[in-house]
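Top line first, the protein sequences correspond to chains A and B. Counting from 1 along the first sequence, just add 2 to a position and that's the residue number in my numbering. Counting from 1 along the second sequence, just add 12 to a position and that's the residue number in my numbering. Quick reminder that beta carbons are idealized off the backbone N, C-alpha and C, glycines included. Being a predicted model, the structure only gives us computed values, none of them experimental. Beneath this line is the structure, given in structure tokens, with notes to follow.
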Amino acid sequence: MSPAVTTSSEATARVATGDVSSATASAAASAAAVAEASGPQTITMAKALNTAMADAMEADSSVLVFGEDVGRLGGVFRITDGLMATFGETRCFDTPLAESGIVGMAVGMAMNGMRPVIEMQFDAFAYPAFEQIVSHVAKMHNRTKGAVKLPMVIRVPYAGGIGGVEHHCDSSESYYAHTAGLKVYTPATVADGYRMLREAIDSDDPVMFMEPKKLYWSKDQVDLNALREEHAANVSAGSSSEGRAAVARPGTDATLIAYGPSVPTALAAAAAAAEEGRSLEVIDVRSIVPFDDETVSASVRKTGRAVVIAEAHGFASVSSEIVARVQERCFHYLAAPIRRVTGFDVPYPAPKLEHYYLPSVDRILDAVDDLQWEN
Amino acid sequence: MTISADHEAQGLADARPDGTDSNDQASEVRRKFGISVEDYMLPARHQIQMVDPTGVLKPEDEQGTEPGHEYPIPGDAELMTAYEQLVVGRRVNDQNSALVRQGRMAVYPSSHGQEACQVAAALCLREGDWLFPTYRDAVAVMAKGVDPVEAMTIFRGDWHGGYDPTKHKVGIQCTPLTTQLLHAVGVAHAAKLRGEDTVVLAMCGDGATSEGDFHEALNFAAVFHLPVIFFVQNNKYAISVPLSQQSVAPSLAHKAVGYGMAGERVDGNDLVALLAVLDRAVKLAREGSGPLLIEAHTYRMQAHTNADDATRYRADSEVAEWTAKDPISRMTSYLTDRGLLDDDGAARIAAKAEAVATQLREGLGEDVPVDPQNLFRYVFSIPTPQLKEQSALLADELAREASSQKEAGK
Numbered sequence: 003m004s005p006a007v008t009t010s011s012e013a014t015a016r017v018a019t020g021d022v023s024s025a026t027a028s029a030a031a032s033a034a035a036v037a038e039a040s041g042p043q044t045i046t047m048a049k050a051l052n053t054a055m056a057d058a059m060e061a062d063s064s065v066l067v068f069g070e071d072v073g074r075l076g077g078v079f080r081i082t083d084g085l086m087a088t089f090g091e092t093r094c095f096d097t098p099l100a101e102s103g104i105v106g107m108a109v110g111m112a113m114n115g116m117r118p119v120i121e122m123q124f125d126a127f128a129y130p131a132f133e134q135i136v137s138h139v140a141k142m143h144n145r146t147k148g149a150v151k152l153p154m155v156i157r158v159p160y161a162g163g164i165g166g167v168e169h170h171c172d173s174s175e176s177y178y179a180h181t182a183g184l185k186v187y188t189p190a191t192v193a194d195g196y197r198m199l200r201e202a203i204d205s206d207d208p209v210m211f212m213e214p215k216k217l218y219w220s221k222d223q224v225d226l227n228a229l230r231e232e233h234a235a236n237v238s239a240g241s242s243s244e245g246r247a248a249v250a251r252p253g254t255d256a257t258l259i260a261y262g263p264s265v266p267t268a269l270a271a272a273a274a275a276a277e278e279g280r281s282l283e284v285i286d287v288r289s290i291v292p293f294d295d296e297t298v299s300a301s302v303r304k305t306g307r308a309v310v311i312a313e314a315h316g317f318a319s320v321s322s323e324i325v326a327r328v329q330e331r332c333f334h335y336l337a338a339p340i341r342r343v344t345g346f347d348v349p350y351p352a353p354k355l356e357h358y359y360l361p362s363v364d365r366i367l368d369a370v371d372d373l374q375w376e377n
Numbered sequence: 013m014t015i016s017a018d019h020e021a022q023g024l025a026d027a028r029p030d031g032t033d034s035n036d037q038a039s040e041v042r043r044k045f046g047i048s049v050e051d052y053m054l055p056a057r058h059q060i061q062m063v064d065p066t067g068v069l070k071p072e073d074e075q076g077t078e079p080g081h082e083y084p085i086p087g088d089a090e091l092m093t094a095y096e097q098l099v100v101g102r103r104v105n106d107q108n109s110a111l112v113r114q115g116r117m118a119v120y121p122s123s124h125g126q127e128a129c130q131v132a133a134a135l136c137l138r139e140g141d142w143l144f145p146t147y148r149d150a151v152a153v154m155a156k157g158v159d160p161v162e163a164m165t166i167f168r169g170d171w172h173g174g175y176d177p178t179k180h181k182v183g184i185q186c187t188p189l190t191t192q193l194l195h196a197v198g199v200a201h202a203a204k205l206r207g208e209d210t211v212v213l214a215m216c217g218d219g220a221t222s223e224g225d226f227h228e229a230l231n232f233a234a235v236f237h238l239p240v241i242f243f244v245q246n247n248k249y250a251i252s253v254p255l256s257q258q259s260v261a262p263s264l265a266h267k268a269v270g271y272g273m274a275g276e277r278v279d280g281n282d283l284v285a286l287l288a289v290l291d292r293a294v295k296l297a298r299e300g301s302g303p304l305l306i307e308a309h310t311y312r313m314q315a316h317t318n319a320d321d322a323t324r325y326r327a328d329s330e331v332a333e334w335t336a337k338d339p340i341s342r343m344t345s346y347l348t349d350r351g352l353l354d355d356d357g358a359a360r361i362a363a364k365a366e367a368v369a370t371q372l373r374e375g376l377g378e379d380v381p382v383d384p385q386n387l388f389r390y391v392f393s394i395p396t397p398q399l400k401e402q403s404a405l406l407a408d409e410l411a412r413e414a415s416s417q418k419e420a421g422k
């Protein structure tokens, strides 16, 4: 077999010296495939994620994509569409149907010079891999005192709102966020789909990349070339937006803190509140681990009121962690107890019941109304 | 050469992920060994044993070999190197157990009695090949070149691992059963994609074959046709549970055929047979035959660890039976009878073993200071703001503690 694949460091060296021809010989077609017309265009988050993987694969031949149905089919959500055709079956391939096998094999590949980007088909299908994730992915760097790093990305389509059947709608981010040694990202916008997945693939630490499946087909005007330039500039400057929350909508009266699938709901609630004369700031957490205390606390100190919104069950969750952190840092700025709007502490419900379960604009507005306003 | 079952009924499914065709593979087995694929993949009728427990070389037709299951006896130099490691390995096991009794090590799962397996697993590989050991495989880790004290750090209690896996191509000694088999598969897969001829040997025990990752690893290795040797040390017990309660398969090696790979059984206390079988397995794997499963019949002579009481679940008579099959005494007799080992040679090897034991006593007796800040240093490549805060909190706590001690000392 011709070594169309090299170690990560070799590929990086080649990119650094401008000699990418051999690394990208098989990927030559991809440049055409991903080089869209310049300027903003309307694309989906699915397209942004797909483009991020294609660009990363083109830049570094040690980046491999594998999982269940990610090859010929392009993934059940089509997020890996075209990658096998563009980069060949050694770079993007289907595996046997076994999640622990996928993650465990990725660990070995990452130990041996690769940067695997693997897909867990659905949130709840990742559980067979839980042992590999918590006992090895999260700990290899630690137990080897940094001698072995695992630059791997585990993509997890997660959360509900799509009318999915049982085991297809779990919000599993808390399990991973609770595990020391894992980074946990979750994009909420189309541009962040590209930006954050590139950063996750660049990361020398393992990243649980939680993709809100109900946002896969959300659209936005995005300039992919501008995002590529931004990524290249960040790489050469050694900076990034990694670990930073974003102010998704500025406001002055209260802060809505949300992430992933809940961000659009929070924005809709803020828009509705604005009509009633209440100015709500919306923070998109983006990176659950590491967590951006600075941005979140700055907002709450400014507004003095906060509601945390998440689809996951509230009990012992990321949302409870956020409340605790804000309380520790902003207690004397708070005009009211922090409220949460989360999924109920019940198994994710059947499709006809999910709208009762999910945080809604009305439930968020009710929580905002409860923030002990003076008038 | 590729080994695979005949999947004719599956039509299109004959095309494998690596582009080869299973029908071609079947005919190649027939051409090369003159036997069917099934006969190649199933283990030989009897375990491979070359030197009997008394140290006598068995006649060739009684070694258990069959067409397609033929194993040449290793060369004298290889046998002598291995014998030295065998004696060192026994000394290491017994020294470490003593250190546990003296309270200088928290725990030590000894491979006493299994040293032939330990040594063969490491010596069949060449530089650049990887070994994936379990917690009981410290002797194999050392035989692969890892410094004995570094290998034992995991049990000394100052860090979870003491050696750099990439330096000697030895995975961390893995505790969660069979999870490391998948890492072996991944290392082999990465090497194969780069066109390297690395072979990977992954170790596990008999009880571990019940784990899900055992199945997933064997299947992945077979489907991706990777040069991985799965080496099962069947030492008869998973802590207290005997193999009969783990599996009712004809043998663990028989499991191979279900994955489309070849399996073999070997006397795990016969170093000659182990080297013969593993050397050939490594050669086949390096030549592109795909993965293999080797089951070595051995016995865990001591309790699971010092915290275990083996008298609760097995009879002394059973242990005595296996004492008679000891891998060292039989190898000593064999090599002495062959004129390869004399008193001078034995003394030199004993001195070498004693030197390693001294190194362990000194290294593990040493009170190595721990750095509390190491807690935060190796979680992420770049510490998170939260870890920086926690690191500062601990530093402050320790500074206050130190100053109050200083105060009290005044």
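Relative to the C-alpha of residue i, which residue among the options is closest?
i      : options                           : result
A/Q43  : A/L229, A/G183, A/E60 and A/A58   : A/L229
A/A56  : A/G84, A/M47 and A/G253           : A/G84
A/P263 : A/M212, A/Y196, A/Y335 and A/M142 : A/M212
B/Y271 : B/V235, B/P254, B/Q245 and B/D291 : B/V235
A/T53  : A/S241, A/A193 and A/I340         : A/A193
A/G69  : A/R157, A/P339 and A/G316         : A/R157
B/G357 : B/V41, B/Y95 and B/Y249           : B/Y95
B/Q114 : B/S393, B/Q257, B/V211 and B/R373 : B/R373
B/I60  : B/D176, B/R277, B/D88 and B/L189  : B/R277
A/R117 : A/G240, A/A87, A/L152 and A/H357  : A/L152
A/R327 : B/K179, B/Q398 and B/R57          : B/Q398
A/G163 : A/S362, A/I366 and A/I203         : A/S362
A/I104 : A/S40, A/D62 and A/Y129           : A/Y129
B/M164 : B/Y346, B/N108, B/G125 and B/V284 : B/N108
B/G174 : A/F89, A/G279, A/A149 and A/M113  : A/A149
A/M59  : A/G165, A/E91, A/T46 and A/A271   : A/E91
B/A363 : B/H124, B/V100 and B/Q130         : B/V100
Per DSSP, which one or two residues make a beta bridge with residue i?
i      : result
B/A293 : DSSP output for B/A293 lists no bridge partner at all.
B/T165 : BP columns for B/T165 are empty, so no partner.
B/R43  : B/R43 is not bridged to any residue.
B/Y249 : B/P254
A/P159 : A/E213
B/I306 : B/F243 and B/E276
A/P118 : A/L66
B/M215 : B/F243
A/K354 : Paired residues: none, contrary to the question.
A/C94  : A/V67
Use the C-beta contact count for residue i: other C-beta atoms within 10 angstroms, 16 or more gives buried, fewer gives exposed.
i      : result
B/N386 : exposed
B/A253 : Residue 253 of chain B is actually Val in this sequence, not Ala. The residue is exposed, with fewer than 16 neighbouring Cβ atoms inside 10 Å.
B/I251 : exposed
B/L54  : buried
A/Y358 : exposed
A/P349 : exposed
A/R200 : buried
A/G41  : exposed
In its own chain, which residues sit with a C-beta less than 7 Å from the C-beta of residue i, not counting the 5 before and 5 after it?
i      : result
B/G169 : A118
B/H172 : I166
B/M154 : V104, P160 and A163
A/F317 : D347
B/H195 : F144 and G183
Please return the same chain residues whose Cβ sits closer than 6 Å to the Cβ of residue i, not counting the five positions on each side in sequence.
i      : result
B/L111 : M117 and L376
A/K304 : none
A/G76  : T82 and D83
Less than 8 Å between C-beta atoms, sequence neighbours within five positions excluded: which residues of the same chain meet that for residue i?
i      : result
A/A337 : G306, R307, L373 and Q374
Could you check how far apart the C-beta atoms of residue i and residue j are, in whole angstroms? I think they sit under 8 Å.
i      : j      : result
B/E330 : B/S263 : Contact flag wrong, Cβ pair sits at about 19 Å.
B/K156 : B/H180 : 6 Å
A/I324 : A/I259 : 6 Å
Cβ-heavy atom distance between residue i and the ligand NAD below 6 Å?
i      : result
B/H237 : This structure does not include the ligand NAD; it has no bound ligands of any sort.
Subject >> Residues in the region 288-301 of chain A having any Cβ partner in chain E nearer than 9 Å >> reply: Looking for chain E here will not work: the only protein chains present are A and B.
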